[in-house]
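Numbering (this note's numbering), first residue to last: 3 to 459.
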């Protein structure tokens with residue numbers, strides 16, 4: 003006989019119950035984690051509130067039969083909040099069909115366990131990871147992935163605003179982050195993609211957007227320029243971004259940009275995204291003309307709270323670096339990334355002059371075609387700068403003499419903690435010696451911070 007779901011009168015003590023029943027003959031309930039040891043032949047309760055394994059010829063409990071009926075008819079009569087026992091709710095969450103209408107499920111259920119189960123059944127585990135770092139509830143992850151999948155798969159000719167509106171009505175309240183990994187171009191050869199203005203303007207809580215117009219699977223419909231941004235695309239994207247008033251982080255990557263398109267993008271971000279602190283335009287081939295076009299649309303008050311600027315691999319030369327250094331003096335940047343741009347030593351010199359006016363803590367100029375002629379300016383930067391914590395100058399032809407001079411003066415800098423010198427022509431021993439000096443800075447700063455925290459307590 004199964005007593006697992008029998009509620010005994012409180013007048014019977016647990017010891018009296020143990021004295022009158024044998025564990026080998028009955029299945030005992032677990033009450034506040036106190037029960038007789040479960041023998042090898044007895045079932046155990048699932049952690050997720052699932053059905054217990056039944057012994058042969060043992061009928062199911064009446065409670066389970068009732069819950070199974072509720073689950074079978076849940077589409078017509080969704081009962082969840084009305085269930086007073088948490089065990090019953092757990093059983094519903096563990097066995098409810100995840101293929102029921104999304105609108106019905108989202109209105110009735112918020113539990114993280116259920117939405118994690120929905121994600122795991124619909125997508126493989128590695129599909130849950132993305133370039134977005136902020137932790138989210140599982141219902142937000144599901145809604146974000148659902149909308150992302152729709153945007154990536156819909157053909158331009160099949161785009162209908164009514165269908166998009168229906169999906170947004172369900173998903174939008176749960177989405178504050180969005181990543182779009184690819185978009186399908188139009189089949190008529192014009193390379194137009196689906197308009198994003200309507201979608202972005204209906205995501206009022208969007209804080210992080212990572213986007214590319216690249217095409218991963220074109221099949222037999224391949225055409226030149228399918229990874230480019232058309233004139234219509236930049237207009238709709240700009241219109242949508244101007245309505246993203248809560249946007250904090252924006253990344254556009256792996257999309258070829260023309261110089262005339264950058265002013266549209268700059269004005270949209272400046273007009274609508276007043277909370278933007280991180281801007282990344284990477285692998286977009288914007289060149290010097292593009293950076294000039296972007297900055298020409300800005301004024302002294304534009305992007306005044308921007309903290310992170312990432313312009314990785316945009317074919318920017320020393321001319322573009324000079325324009326950047328002359329225009330960005332009023333911005334409170336904390337992280338500047340220019341890696342894989344051939345700005346050369348002249349461009350780096352312009353960037354070093356910019357660092358005198360900005361509180362930059364992280365500078366990445368790796369793979370920028372820098373040579374030994376930057377040695378003197380770099381040594382001055384190391385001695386005078388009091389804000390840089392991390393510098394990446396790897397993959398540049400600096401030479402052994404650069405390393406020797408750097409080792410002589412590196413001890414004067416008490417703030418710098420990380421300096422990447424890989425593939426710069428320095429010997430391994432010299433790099434390790436410099437690394438040991440910087441390690442001392444890190445230990446001193448950590449000790450200082452611990453002292454401050456201890457004094458506040």
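For glycine and all other residues, C-beta sits at the position ideal for the given N, C-alpha and C.
Using DSSP bridges, identify the partner residues of residue i.
i           : result
residue 180 : 211
residue 418 : None, per the DSSP bridge assignment.
residue 311 : 281 and 338
residue 365 : 338 and 393
residue 258 : 230
residue 252 : 211 and 281
When you compare each of the options to residue i by their alpha carbons, which one comes out closest?
i           : options               : result
residue 73  : 360, 90, 259 and 413  : 90
residue 160 : 179, 189, 140 and 380 : 189
residue 425 : 372, 275, 138 and 154 : 372
residue 344 : 259, 79, 153 and 320  : 320
residue 192 : 444, 109, 235 and 335 : 235
residue 382 : 398, 404 and 298      : 404
residue 299 : 229, 262, 67 and 276  : 262
residue 245 : 238, 274 and 219      : 274
residue 255 : 312, 17 and 124       : 312
residue 252 : 288, 204 and 309      : 309
residue 400 : 369, 415 and 419      : 369
residue 204 : 230, 248 and 288      : 248
residue 412 : 392, 385 and 389      : 385
residue 427 : 102, 387, 152 and 374 : 374
residue 78  : 127, 107, 187 and 19  : 107
residue 330 : 165, 453 and 360      : 360
residue 83  : 218, 112, 391 and 420 : 112
residue 260 : 231, 64, 187 and 387  : 231
residue 210 : 441, 63, 138 and 168  : 138
residue 339 : 75, 367, 421 and 151  : 367
residue 179 : 143, 68 and 117       : 143
residue 250 : 19, 237 and 277       : 277
residue 439 : 430, 414, 380 and 429 : 414
How about residue i and residue j: do their beta carbons lie closer than 8 angstroms?
i           : j           : result
residue 356 : residue 327 : yes
residue 266 : residue 240 : yes
residue 170 : residue 242 : no
residue 296 : residue 272 : no
residue 177 : residue 149 : yes
residue 395 : residue 423 : yes
residue 105 : residue 196 : no
residue 99  : residue 140 : no
residue 155 : residue 200 : no
residue 292 : residue 324 : no
residue 317 : residue 341 : no
residue 158 : residue 207 : no
residue 301 : residue 257 : no
residue 110 : residue 125 : no
residue 284 : residue 314 : yes
residue 417 : residue 449 : no
residue 377 : residue 346 : no
residue 102 : residue 94  : no
residue 280 : residue 307 : no
residue 391 : residue 420 : yes
residue 436 : residue 409 : yes
residue 363 : residue 337 : yes
For chain C, is any of its Cβ atoms less than 8 angstroms away from the one on residue i?
i          : result
residue 79 : Included in the structure is just one protein chain, with no chain C present.
Check whether the segment 209 to 220 touches the segment 177 to 189, taking contact to mean three or more Cβ pairs, one atom from each stretch, closer than 8 angstroms. yes
Which complete beta strand (DSSP E) runs does the segment 137 to 205 hold, if anything under 3 residues is left out? 179 to 182
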